[in-house]
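Have a look at the structure below, then the notes.
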Amino acid sequence: MSKEFEMSMIGELKFFFGLQIKQNKDGIFINQAKYTKELLKRFDMEESNAFDTPMSSSLKLDKDEKGKDVDIKRYRGLWFPRSKSFFDLVGYSDAEYAGCKTERKSTSGDYQF
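Following this line, the structure appears as structure tokens:
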């Protein structure tokens, strides 16, 4: 990168493009806790209680015609271990055939850790 950009080392990296970064001997942990706290403050929800699942997983939602698109990348977190034997890579996936109530579209998702 230094061939393309002017770079300098001014200390340990703590924030990068809105991501909070913590480094230790086992690896690098990346999260968006600061962004989450800012969201709670913006919507006056700082005193709200956390839930593992905020709603029933069997509930089918209708399309919100007035809703705005969100950048889903803001809700992702990633941790890179330095030791290859420290963790195994595990993946899960889920899919639903024609589950959308309005357009009958299929949905799928996956989670890797």
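For what it's worth, my numbering labels the leading residue of the sequence shown as 3, then goes sequentially.
C-beta atoms are modelled at their ideal positions from N, C-alpha and C, and glycine is treated no differently.
| Item | Value |
| --- | --- |
| Distance cut-off 6 angstroms: lysine 107 Cβ against heavy atoms of the ligand ZN | In the structure on display, the ligand ZN does not appear, and there are no ligands present to speak of. |
| Residues that DSSP places opposite lysine 68 in a beta bridge | Looking at the DSSP assignment, lysine 68 forms no beta bridge with any residue, so it has no partner. |
| For glycine 20, the nearest candidate out of Lys75, Phe45, Lys62, Ser110 (CA to CA) | Lys75 |
| Residues near alanine 35 by beta carbon distance below 8 angstroms, same chain, minus five either side | Gln22 |
| Residue from Ser4, Ser50, Lys62, Asn33 with nearest C-alpha to glutamate 98 | Lys62 |
| Cβ shell of lysine 65 (< 6 angstroms), same chain only, five flanking positions each side left out | Thr104 |
| For glycine 93 and aspartate 112, the rounded distance between their alpha carbons | 7 angstroms |
| Simplified DSSP state of lysine 103, which is helix, strand or coil | coil |
| Contacting residues, own chain, Cβ-Cβ under 8 angstroms from leucine 42 (five flanking each side not counted) | Glu48, Ser50 |
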